[in-house]
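If you're matching them up, the sequences are chains R and C in order. Just so you know, we're using our numbering here: the first sequence kicks off at 1 and counts up by one. Just so you know, we're using our numbering here: the second sequence kicks off at 117 and counts up by one.
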Amino acid sequence: EAQVTQNPRYLITVTGKKLTVTCSQNMNHEYMSWYRQDPGLGLRQIYYSMNVEVTDKGDVPEGYKVSRKEKRNFPLILESPSPNQTSLYFCASSLLPSGSGTDTQYFGPGTRLTVL
Amino acid sequence: DQQVKQNSPSLSVQEGRISILNCDYTNSMFDYFLWYKKYPAEGPTFLISISSIKDKNEDGRFTVFLNKSAKHLSLHIVPSQPGDSAVYFCAASGVYSGGGADGLTFGKGTHLIIQP
């Protein structure tokens with residue numbers, strides 16, 4: 001089954017404690033993204049990757065890092081989490097860039113992060 | 117500055133009637149528009165899309181209309197069913213020049229409630 005998986009699904013942590021949210025896709029997609037969803041703000045892109053070892057900042061990259069060492073995995077790293085990073089996070093992947101107009105993104109189920 | 121706007125946070129429609137969800141955009145570089153549907157505790161799933169070279173795209177009960185001159189698109193669902201109750205996100209993309217992250221720009225979402 002084609003899917004995007006994220007782990008953990010729920011996480012409560014404390015300020016400053018480094019954490020990683022994993023994302024994996026089994027569709028051999030080249031393009032992967034991380035979004036955060038906040039009430040009243042919709043979905044905002046954090047980081048984007050066009051291929052292995054190629055990443056770029058999205059609209060709200062501050063406080064986040066990503067890596068793309070393998071095509072299927074795109075972990076989101078919070079080196080020193082703060083309460084304003086409490087949010088619902090979604091990983092997404094696509095075969096082609098979203099601007100191509102010929103493909104869509106497939107989203108993971110989300111990770112709800114609470115930073116105390 | 118929000119480039120994709122969904123001005124109605126929620127919409128209540130009676131079962132069997134037509135649901136109309138609206139979306140406005142400001143960036144004239146957008147040339148591909150998508151609607152995503154999101155149930156609680158799940159990631160967004162693709163619903164329907166439209167290229168800027170078209171003004172209408174239909175898929176079963178779902179039709180998206182695009183008015184480029186007004187920078188406005190709408191999603192029509194007819195007839196509305198209880199399973200349509202969800203949050204609907206409008207998203208836009210385009211081929212950007214000059215670098216920067218490629219990806220989708222989302223609206224804040226509209227919570228559609230279908231009443232029996």
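Here a beta-carbon is modelled for each residue, glycine too, at the ideal position from N, C-alpha and C.
Nearest-angstrom beta carbon gap, residue j and residue i [assumed within contact, 8 Å]
i	j	result
R/S131	R/Q6	Outside the shown range of chain R, which is 1 to 116, sits residue 131 of chain R, and nothing can be said about it.
R/Y31	R/P97	6 Å
R/S80	R/H29	R/S80 to R/H29, Cβ: 30 Å. No contact.
C/T142	C/K187	7 Å
R/V66	R/Y89	Between R/Y89 and R/V66 the Cβ distance is about 12 Å, and since that is not below 8 Å, they are no contact.
C/L182	C/I164	With a Cβ gap of about 11 Å, C/L182 and C/I164 do not count as contacting.
R/Y106	R/M27	7 Å
Opposing strand residues paired with residue i [DSSP bridges]
i	result
R/L19	R/L78
R/G42	R/D38
R/K65	R/I77
C/N138	C/S190
R/M32	R/S49, R/S93
C/E174	C/T179
R/V4	R/Q25
Check whether residue i and residue j have beta carbons under 8 Å apart
i	j	result
C/Q118	C/C206	no
R/L76	C/F222	no
C/Y148	C/S135	no
R/V111	R/I12	Residue identity check: residue 111 of chain R is Thr in the sequence provided, not Val. No, the pair does not count as a contact, with Cβ atoms beyond the cut-off.
C/G159	R/G40	no
R/V54	R/E70	no
C/F146	C/G219	no
C/I230	C/S201	yes
R/G63	R/L78	yes
R/V4	R/C91	yes
R/R72	R/S24	yes
R/T104	C/F162	yes
C/K154	C/V120	no
C/G132	C/P195	yes
Residue-chain proximity (residue i, chain D), Cβ-Cβ < 8 Å
i	result
C/G223	The displayed structure is made up of protein chains R and C, and chain D is not among them.
Notebook entry, point to check: Between the region 123-134 of chain C and the region 158-175 of chain C, do three or more beta carbon pairs fall short of 8 Å?
Noted result: no
Checklist line | Under 8 Å (Cβ pairs) to chain C, residues found in the region 33-55 of chain R | finding: S33, Y35, G40, L41, G42, L43, R44, Q45, Y47, Y48, M50
Check: Mind listing which residues of the region 55-84 of chain R have their C-beta closer than 7 Å to chain C's C-betas, in chain order?
Finding: D56, K57, G58
Next item on the list: Residues of the region 172-198 of chain C with a CB closer than 7 Å to any CB of chain R: list them in chain order, please.
Entry: none
Margin query: Can you pull out the residues from the region 133-155 of chain C whose beta carbon lies closer than 7 Å to at least one beta carbon of chain R?
Written below: D147, Y148, L150
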